[in-house]
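To start, the structure under review is shown below, and the notes come after it.
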Amino acid sequence: MAVFSDSGVGVHLWYSFYNNISSNTVANNGIGLRFSFYSKNNTIIHNVLQDNTENGIELNFSFYDILQNNVVENSKVGVKLYYSNENYIKNSNIVSECVIGFDVVYSPDNIISSNIIKNNSYGINLSFSSNNSIEYNYIKGSNELGIYFSDGSNNNRIYHNAFISNEKNAFFMNSVFNRWDQNYWDDYGGKAFYVIDGVFYFGESVLHVSWVNIDFSPRNEPYENSE
46 MAVFSDSGVG VHLWYSFYNN ISSNTVANNG IGLRFSFYSK NNTIIHNVLQ DNTENGIELN
106 FSFYDILQNN VVENSKVGVK LYYSNENYIK NSNIVSECVI GFDVVYSPDN IISSNIIKNN
166 SYGINLSFSS NNSIEYNYIK GSNELGIYFS DGSNNNRIYH NAFISNEKNA FFMNSVFNRW
226 DQNYWDDYGG KAFYVIDGVF YFGESVLHVS WVNIDFSPRN EPYENSE
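Residue numbers for the sequence shown, in this note's numbering: 46 to 272.
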């Protein structure tokens, strides 16, 4: 195990392939761990990233990476994807005490599955990002929004997640054709479906809508893998 601390970037891999970054502590940096410039097929597993001021883990023009069983705490952004495609973020990555837990920007075709995302301001934020799968995550205690889609984040799949004790569970702006199915919502009132509120901007006009993003099969109880 190695400790990386007190620098601008704790660990930075640039144009790097098939690396395994495991069992490290990365703390008190600007950015904890960054993969950039067409890095791909890397594995980040069993690391602890704490008290990094900007991003705990950042994938920046990075592809086909696996993030698994990491703990990310107390950063501006826990996990940031920027122009990064087809990454797999899975299996109990714990992201907490951040402004944004997962920030997905200009990044399509990623899978975010079976993570614990708790006590952040925003649990998951998608901007200009489409065709992602968000499934089996436990999203709790967000003091702003559990999940937020904006700026043409379309055709994403949001399945089998648990939204619990968030100030507001979900909201969207200018985003359509997202598919919601069998999520648990703690404010679900037992109706046949769960409606996600949102807005569309047309120049200076704002249209508030509630029938564009809908979970047609909300669950009465969270899944067993929820915390």
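Cβ coordinates follow ideal geometry from the N, Cα and C atoms, glycine included.
Less than 8 Å between the beta carbons of residue i and residue j, yes or no?
{"i": "Phe222", "j": "Gly243", "result": "no"}
{"i": "Asn165", "j": "Ser198", "result": "no"}
{"i": "Asn97", "j": "Ile66", "result": "no"}
{"i": "Ser158", "j": "Tyr128", "result": "no"}
{"i": "Tyr229", "j": "Arg202", "result": "no"}
{"i": "Asn214", "j": "Gly191", "result": "yes"}
{"i": "Val140", "j": "Ser172", "result": "no"}
{"i": "Ser255", "j": "Val240", "result": "yes"}
Which word fits residue i, buried or exposed, when buried means at least 16 other C-beta atoms lie within 10 angstroms of its C-beta?
{"i": "Val56", "result": "buried"}
{"i": "Glu266", "result": "exposed"}
{"i": "Asn200", "result": "exposed"}
{"i": "Phe194", "result": "buried"}
{"i": "Tyr246", "result": "exposed"}
{"i": "Trp225", "result": "buried"}
{"i": "Leu252", "result": "exposed"}
{"i": "Gly146", "result": "buried"}
{"i": "Glu180", "result": "buried"}
{"i": "Ala237", "result": "exposed"}
Quick one: residues in its chain with C-beta nearer than 7 Å to the C-beta of residue i, no 5 flanking neighbours on either side, listed in chain order?
{"i": "Asn114", "result": "Ile90, His91, Asn136, Ser137, Asn138"}
{"i": "His205", "result": "Glu180, Tyr181, Gln227, Asn228, Tyr268"}
Excluding the 5 residues flanking residue i on each side, which residues of the same chain have their C-beta closer than 6 Å to its C-beta?
{"i": "Phe108", "result": "Lys85, Asn130, Glu131"}
{"i": "Glu103", "result": "Ile76, Arg79, Lys125"}
{"i": "Val144", "result": "Lys121, Ser166"}
State the CB to CB distance for the pair residue i and residue j, rounded to an integer number of angstroms; the pair is presumed to be in contact (CB under 8 Å).
{"i": "Asp231", "j": "Phe208", "result": "6 Å"}
{"i": "Ile184", "j": "Ile162", "result": "5 Å"}
{"i": "Asn182", "j": "Asn211", "result": "No, Asn182 and Asn211 are not in contact; Cβ-Cβ is about 12 Å, not under 8 Å."}
Inset, instruction - Could you pull out every unbroken beta strand (DSSP E) segment of at least 3 residues lying fully inside the segment 127 to 180, listed in chain order? - result: Segments of the beta strand (DSSP E) lying fully in the segment 127 to 180: 133 to 135, 139 to 141, 145 to 150, 156 to 158, 161 to 163, 167 to 172, 178 to 180.
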